[in-house]
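Residue numbers (our numbering), protein chains in the order written: chain F, 252 to 553; chain Y, 167 to 573. Ideal placement from N, C-alpha and C gives every residue a C-beta, glycine not left out. Just so it is clear, the structure is predicted and the values come from calculations on it, not from any experiment. Since the structure comes first, as structure tokens, the remarks are kept for the end.
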């Protein structure tokens, strides 16, 4: 049975936290835990979700959960899984899951993640990507997109925000030969939850990269998170895909993209971009899609 | 059963007998033999454990932390730069009250890059909440593996333990070592039980953040429980003696200190050499003593003061310096003496850096010069380096120092 608004569990496992209104990361964690259920053991490094969810005595996980060193999400979940298994204490329905942000995944946590995938440890790693170090106040990470203004990539007369492209985490992870990897967006929650459920059924290392917009860091109204998270997919700057058994599959293949300009202009972090910047971003998008459509399995355009 | 084992091998045998359930480790000289032997034991089935090939020391310790949070008994081992690389995780382990046992092969820290023994690696991390014990020989390395789990896992302590072995001097030197039977070890060290683990009936949040209003309570408890280890150590050593017939002397070992005029305070393998010199000087009627500090954390203030109460000069011999200050063991010993109101003159003898030899002649000279100094025959600087500016060297012309202080 698929998971959707009708079938999703009413059992809340992540609540009472201090995340900002409209937090995409909190939505991703909450939805994933509903899918994984109360037997899930979660580990979270330094970042928004641990800073807002683990404030003693206000501990916000109703399932087993722990904080980890920043670089150590993957190695801690490896240890949890090994420890439970070594003692014969791992319930059949227990998923060991790590939730780390973009910096905790693509920057400081990449080495440990690579190690876990290399060992094929039976863990699920979910990267909630809000495209900058939001917990410390919106600094650039290697998943900050080109053109975005952050507090360390200011937009001024010399530079127009972030000069680098998003690191290609999905394909970096896939290149390890991981059993399952997927991209997702909290704007397409059913798709995300389906992927979480599928990942939990697979033995070995699983990776899900979910776009989780941040009203505070991106500069939009707190009621627009889901809309922005849909727009980024609809305009083609993010894509919904899976990698399994050595093959890439695009889950959505739009005939026509929604407007990139409109997506960008909805957000304060891109307000400074000029027409030529937007044209350049569209060009990069088109090149990426040409590659994906050529090399990956894709449904008919719709 | 007696076997001829290196320190690394002896430690691995002790770890095997302790039955850790998860081992996560990353290789670094001179620790490697420990993890090689443990891998072989897991492969052969002599040890039933999950052996995790992590990609760094940072992951080695964080993996052990995750495993410990499930209630598993865990082991890791490292050395030098590896210990520094995992330093961030040391405080997660201690603050999370995870009684992980780690062997550290004491080795110099870069730069200059150097694989040989000194104790700057672990002594620079005394403040990270780990019990730190320094062993003198390979039998003690094996025995400490068992006692470390008993101590760290004691509910009154709940603190990780770092067992320090001098690189090469112990890790790669072979000695005859008595290996206990598994039955004996099991009787001494029962399985680890704790409430500080995940629970599927009553889920837990473990290792959280605590702001200014609560933080001090956690930190005070950590401090108080670490200090409580000083009461638990003798209990464990007594049980160990009953089980295995080897009696250890507590947090310090005082050798001939009662009537000594000069006492050398030191730690680790060099204590063996000092012990020999004490014996031979005593035979000549010279009143000298050795105070070996086994546990640097918790720091045994009272035992140190008791041993040094009546002597006339103290030399702290250590393979360590805190640049711009002095040896860290010296600082700690001075604090103990000052707090007790003892005004005995103290001298810091820094040697053995980067694997340099500390010789019997130098130790003998420390005793004779300080014995003379108390009669005001010589002026001796408080802090000096053996082989450089120390009055305790025989003349050494093998190496000259330029005006810039470069060798």
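Identify the residues that DSSP records as bridge partners of residue i: which are they?
i, result
"residue 200 of chain Y", "Answer is none; residue 200 of chain Y lacks a bridge partner."
"residue 274 of chain F", "Answer is none; residue 274 of chain F lacks a bridge partner."
"residue 191 of chain Y", "Y:219"
"residue 455 of chain Y", "Y:429"
"residue 341 of chain Y", "Y:171"
"residue 375 of chain Y", "F:306"
"residue 267 of chain Y", "Y:241 and Y:327"
Helix, strand or coil: how does DSSP classify residue i here?
i, result
"residue 385 of chain Y", "helix"
"residue 516 of chain F", "helix"
"residue 486 of chain Y", "coil"
"residue 413 of chain Y", "coil"
"residue 218 of chain Y", "strand"
"residue 247 of chain Y", "helix"
"residue 443 of chain F", "helix"
"residue 419 of chain Y", "strand"
"residue 169 of chain Y", "strand"
"residue 325 of chain Y", "coil"
"residue 570 of chain Y", "Unreliable placement is indicated for residue 570 of chain Y, whose pLDDT of 45 sits below 50; no coordinate value is reported for it."
"residue 297 of chain Y", "strand"
"residue 510 of chain F", "coil"
"residue 310 of chain Y", "helix"
"residue 182 of chain Y", "helix"
"residue 400 of chain Y", "helix"
"residue 536 of chain F", "helix"
"residue 282 of chain F", "helix"
"residue 431 of chain F", "strand"
"residue 295 of chain F", "strand"
When you compare only the Cα positions, how much space is there between residue i and residue j?
i, j, result
"residue 451 of chain F", "residue 416 of chain F", "31 Å"
"residue 298 of chain Y", "residue 462 of chain Y", "6 Å"
"residue 475 of chain F", "residue 412 of chain F", "23 Å"
"residue 326 of chain Y", "residue 530 of chain Y", "37 Å"
"residue 180 of chain Y", "residue 249 of chain Y", "21 Å"
"residue 332 of chain Y", "residue 370 of chain F", "32 Å"
"residue 243 of chain Y", "residue 258 of chain F", "48 Å"
"residue 430 of chain F", "residue 330 of chain F", "19 Å"
"residue 487 of chain F", "residue 254 of chain Y", "40 Å"
"residue 457 of chain Y", "residue 270 of chain F", "55 Å"
"residue 440 of chain F", "residue 391 of chain F", "26 Å"
"residue 558 of chain Y", "residue 552 of chain Y", "7 Å"
"residue 310 of chain Y", "residue 308 of chain F", "37 Å"
"residue 332 of chain F", "residue 232 of chain Y", "8 Å"
"residue 504 of chain F", "residue 436 of chain F", "15 Å"
"residue 480 of chain F", "residue 438 of chain F", "4 Å"
"residue 342 of chain Y", "residue 170 of chain Y", "4 Å"
"residue 467 of chain Y", "residue 500 of chain Y", "10 Å"
"residue 313 of chain Y", "residue 285 of chain Y", "22 Å"
"residue 457 of chain F", "residue 432 of chain F", "6 Å"
"residue 364 of chain F", "residue 438 of chain Y", "45 Å"
"residue 507 of chain Y", "residue 470 of chain Y", "13 Å"
"residue 335 of chain Y", "residue 178 of chain Y", "17 Å"
"residue 535 of chain Y", "residue 434 of chain Y", "23 Å"
"residue 509 of chain F", "residue 485 of chain F", "5 Å"
"residue 293 of chain Y", "residue 492 of chain F", "47 Å"
"residue 260 of chain Y", "residue 296 of chain Y", "6 Å"
"residue 368 of chain F", "residue 302 of chain F", "26 Å"
"residue 500 of chain F", "residue 548 of chain F", "5 Å"
"residue 477 of chain Y", "residue 546 of chain Y", "17 Å"
"residue 192 of chain Y", "residue 290 of chain Y", "21 Å"
"residue 464 of chain F", "residue 498 of chain F", "28 Å"
"residue 506 of chain F", "residue 521 of chain F", "25 Å"
Handout entry: contact_flag[the region 508-521 of chain Y, the region 417-427 of chain Y] where n(CB pairs < 8 Å) is 3 or more
Key = no
Handout entry: Segment contact, 8 Å Cβ cut-off, at least three pairs: the region 281-299 of chain F with the region 191-209 of chain Y
Key = no
Handout entry: Inter-stretch contact (C-beta, 8 Å, three-pair minimum) for the region 352-368 of chain F and the region 320-337 of chain F
Key = yes
Handout entry: Segment contact flag, the region 310-318 of chain F with the region 369-387 of chain F, C-beta cutoff 8 Å, min 3 pairs
Key = Taking a cut-off of 8 Å for Cβ pairs, the region 310-318 of chain F and the region 369-387 of chain F do not touch, as fewer than three such pairs fall below it.
Problem - Contact between the region 402-410 of chain Y and the region 443-451 of chain Y (3+ Cβ pairs under 8 Å) - result: Short answer: they don't touch.
Handout entry: Length at least 4, wholly inside the region 341-383 of chain F: the alpha helix (DSSP H) runs in chain order
Key = 361-370
Practice task
Kindly confirm or deny that the region 534-548 of chain F and the region 187-199 of chain Y touch, where touching means at least three C-beta pairs closer than 8 Å.
Solution key: They do not touch, by the three-pair rule.
Practice task
Note down, one range per segment and in chain order, each alpha helix (DSSP H) of at least 4 residues found wholly within the region 511-561 of chain Y.
Solution key: 526-539
Exercise for the section: Could you tell me which uninterrupted alpha helix (DSSP H) segments, each at least 4 residues in length, are contained entirely in the region 462-506 of chain Y, listed from first to last along the chain? Expected result: Counting only runs of 4 or more, we get 467-474 and 494-505.
Exercise for the section: Starting from the N-terminal side, write out each stretch of the alpha helix (DSSP H) that is 4 residues or longer and does not extend beyond the region 447-501 of chain F. Expected result: Within the region 447-501 of chain F, complete alpha helix (DSSP H) segments of at least 4 residues are found at 466-469 and 476-485, given in chain order.
Problem - Inter-stretch contact at 8 Å, needing at least 3 Cβ pairs: the region 366-375 of chain Y / the region 266-284 of chain Y - result: no
Handout entry: Segment contact, 8 Å Cβ cut-off, at least three pairs: the region 277-286 of chain F with the region 338-355 of chain Y
Key = no
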